[in-house]
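FYI, in our numbering the residues of the sequence shown are 143 to 605.
The C-beta atom is built at its ideal place from N, Cα and C for all residues, glycine as well.
Predicted, not measured: the structure shown is a model, and the values here were computed from it.
Read through the structure below, which is laid out as structure tokens, and then see the notes.
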Amino acid sequence: MKFISTRGRAPSLSFADTVLTGLASDGGLYVPESLPKFSQQEIAEMAGLNYCELAFRIMWPFVAEDLSEDEMRGIIERAYANFRHAAIAPLVQTGHNEWVMELFQGPTLAFKDFALQFLGQLFDLLLKKRGEKVVVLGATSGDTGSAAIEGCRHCENIDIFIMHPHNRVSEVQRKQMTTVLSDNVFNIALEGNFDDCQNMVKASFADQSFLPDGRRLVAVNSINWARIMAQIVYYFHAALSLGGPHRPVNFSVPTGNFGDIFAGYLARGMGLPINQLVIATNANDILHRCISANDHSPQPLVHSLSPSMDIMVSSNFERLLFDLYDRDGAAVAELLADRRAPMKLDELALEKARSLFSSERVGDERTVEVIREVFESTEYLLDPHTAIGMEAARRARKSNAEPMVCLATAHPAKFAEAVDTALPGTSVPLPHHMQDLLEREERLQVLPNELSAVHDFISRALA
Ligand SMILES: *Cc1c(COP(=O)(O)O)cnc(C)c1O
Numbered sequence: 143m144k145f146i147s148t149r150g151r152a153p154s155l156s157f158a159d160t161v162l163t164g165l166a167s168d169g170g171l172y173v174p175e176s177l178p179k180f181s182q183q184e185i186a187e188m189a190g191l192n193y194c195e196l197a198f199r200i201m202w203p204f205v206a207e208d209l210s211e212d213e214m215r216g217i218i219e220r221a222y223a224n225f226r227h228a229a230i231a232p233l234v235q236t237g238h239n240e241w242v243m244e245l246f247q248g249p250t251l252a253f254k255d256f257a258l259q260f261l262g263q264l265f266d267l268l269l270k271k272r273g274e275k276v277v278v279l280g281a282t283s284g285d286t287g288s289a290a291i292e293g294c295r296h297c298e299n300i301d302i303f304i305m306h307p308h309n310r311v312s313e314v315q316r317k318q319m320t321t322v323l324s325d326n327v328f329n330i331a332l333e334g335n336f337d338d339c340q341n342m343v344k345a346s347f348a349d350q351s352f353l354p355d356g357r358r359l360v361a362v363n364s365i366n367w368a369r370i371m372a373q374i375v376y377y378f379h380a381a382l383s384l385g386g387p388h389r390p391v392n393f394s395v396p397t398g399n400f401g402d403i404f405a406g407y408l409a410r411g412m413g414l415p416i417n418q419l420v421i422a423t424n425a426n427d428i429l430h431r432c433i434s435a436n437d438h439s440p441q442p443l444v445h446s447l448s449p450s451m452d453i454m455v456s457s458n459f460e461r462l463l464f465d466l467y468d469r470d471g472a473a474v475a476e477l478l479a480d481r482r483a484p485m486k487l488d489e490l491a492l493e494k495a496r497s498l499f500s501s502e503r504v505g506d507e508r509t510v511e512v513i514r515e516v517f518e519s520t521e522y523l524l525d526p527h528t529a530i531g532m533e534a535a536r537r538a539r540k541s542n543a544e545p546m547v548c549l550a551t552a553h554p555a556k557f558a559e560a561v562d563t564a565l566p567g568t569s570v571p572l573p574h575h576m577q578d579l580l581e582r583e584e585r586l587q588v589l590p591n592e593l594s595a596v597h598d599f600i601s602r603a604l605a
């Protein structure tokens, strides 16, 4: 299968090259040239498969030209071996035809493990076959860093450097990154803010001459196609458990960069009956304004109780725009020439989007109320991101006869502050494997906010 850029001017690439490339050379994102399609009969026959076998069936058409069946099965088995629940993505019923899909059973307690555990294994195998070693460099304000580190810690062909703003991430988040003591894992605490970290990463990608010969940088952010692809699987998994494909199943997704919900859109494109996808946003509501009022204008970032959704402009939205504009790369390039400028969609494109997507905005105050209300009525404890998804689902859902699945993107123990505000005195224990997290030995390097200091550190670490 070939992959093409959403801006239409970069060369098309194989799956392996797409995964190791990141952004296309024309500034666009890679998408499959055409989407594999399963018939209703083929989907019905997937019912009852375990998660790993289902993952193989769904992803195989994308990778068949680059990997053997055994290689792909091995990657999947290793990726999901460390999940704490045998179902990998278990469902819990919270109301009439309303379900929560727990995507936080991976090692770092957030749904990003689904993609990054898979990506680490995939990278390692592709690099071994090429006889290459790479350097993963990323900036994090929280969840992504720990999931990337956990995904890469056992990879022989990767050294990973993750930068976080010094003293500006929570203690649990920092410890999840800095207590991984593998020789190939390096944590940099930058004396700056998250933007400084991101700028440092961008500048490093632009000029990689500080790296030793034969090494190059690889990105693990959510524009990586393999991350999106791995997330398609759990939409099938949930639907098959709830009567799909014989009846439609709908989803509500706490949304930041639009990667997770875009995977749901792809599942539908591959033949899974889905009638409604709810985009749930916090106060950073650019996508909600876009869908509800055709107002896609960036606003200053607001810090919320759901920090993993605090995003000004969602990068993966470009992949949806490409389809809404009939895959016209030039039109997308024109629309997004200035990512920070206000954007209006054509009426036709907007209509198409609205036929599938609904959107809601849920602020901090309501988020806390929902955590409390749901706990008081069901004793089920939501994290703040999931609470936003559930509230959005309840407001936006069009059919009570069709199942609605709310994606639970993080474990409540990860966001104890919001839980404590909602239910004072309720302590949420960390899962068993993390009970001693706060006592574990840490390793990190504090560095000044200077590019040369960061580059010196990286090149010495690799020497
Ligand atoms: C990353 C993240 C999100 C947002 O997912 P996107 O794919 O960026 O839309 C939501 N909730 C949690 C807990 C996350 O870590």
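Close beta carbons around residue i, own chain, < 6 Å, minus the five adjacent residues each side
| i | result |
| --- | --- |
| F225 | Q247 and G248 |
| V234 | V242 |
| F393 | G406, L419 and V547 |
| A529 | T509, V512 and I513 |
| P590 | E333 |
| I146 | S154 and E175 |
| M454 | P440 and L443 |
| S167 | A152 |
Residue i CB to nearest heavy atom of ligand 1 below 7 Å
| i | result |
| --- | --- |
| I146 | no |
| A595 | no |
| I403 | yes |
| K179 | no |
| A252 | yes |
| T397 | yes |
| A495 | no |
| M412 | no |
| A425 | no |
| M451 | yes |
| A361 | no |
| S312 | no |
| H238 | no |
| D285 | yes |
| F336 | no |
| S501 | no |
| A555 | no |
| H445 | no |
| S364 | yes |
| H527 | yes |
| A552 | yes |
| F328 | no |
| F400 | yes |
Helix, strand or coil at residue i [DSSP, three-state]
| i | result |
| --- | --- |
| A495 | helix |
| H379 | helix |
| Y193 | helix |
| F352 | coil |
| Y222 | coil |
| V173 | strand |
| Q247 | coil |
| A206 | coil |
| L233 | strand |
| L589 | strand |
| S594 | helix |
| E544 | coil |
| E240 | strand |
| F145 | strand |
| G273 | coil |
| G293 | helix |
| V455 | coil |
| A228 | coil |
| G280 | strand |
| L267 | helix |
| A166 | coil |
Cutoff 7 Å; reference residue i; Cβ partners in own chain excluding five residues on either side
| i | result |
| --- | --- |
| S181 | G413 |
| E213 | L267 |
| A534 | S394, V420, A422, E502 and V504 |
| A139 | An answer regarding residue 139 cannot be provided, because it is not within the stretch 143 to 605 covered by the chain. |
| V596 | I330, M342 and L589 |
| R461 | T148, L171, V173 and F404 |
| R481 | V455 |
| G608 | The first residue shown for the chain is 143 and the last is 605, placing residue 608 beyond what the model contains. |
Beta-carbon proximity list for residue i, same chain, < 8 Å, skipping 5 on both sides
| i | result |
| --- | --- |
| Q587 | F328, N329, I330, A331 and F599 |
Query raised in the report: Mind pulling the alpha helix (DSSP H) runs of 4 or more residues that sit fully within the segment 549-583?
Result: DSSP runs (the alpha helix (DSSP H)) wholly in the segment 549-583: 558-564.
Query raised in the report: Taking the runs of the beta strand (DSSP E) that are 3 residues or longer, which of them lie wholly in the segment 459-521?
Result: Taken in chain order, the whole beta strand (DSSP E) runs of length 3 or more contained in the segment 459-521 are 499-503.
Query - Length-filtered (4 minimum) alpha helix (DSSP H) runs lying within the segment 301-355 - result: 313-320 and 336-348, all fully within the segment 301-355.
Query raised in the report: Mind pulling the alpha helix (DSSP H) runs of 4 or more residues that sit fully within the segment 359-444?
Result: If we require 4 residues or more, the alpha helix (DSSP H) runs fully inside the segment 359-444 come out as 367-383, 401-411 and 428-435.
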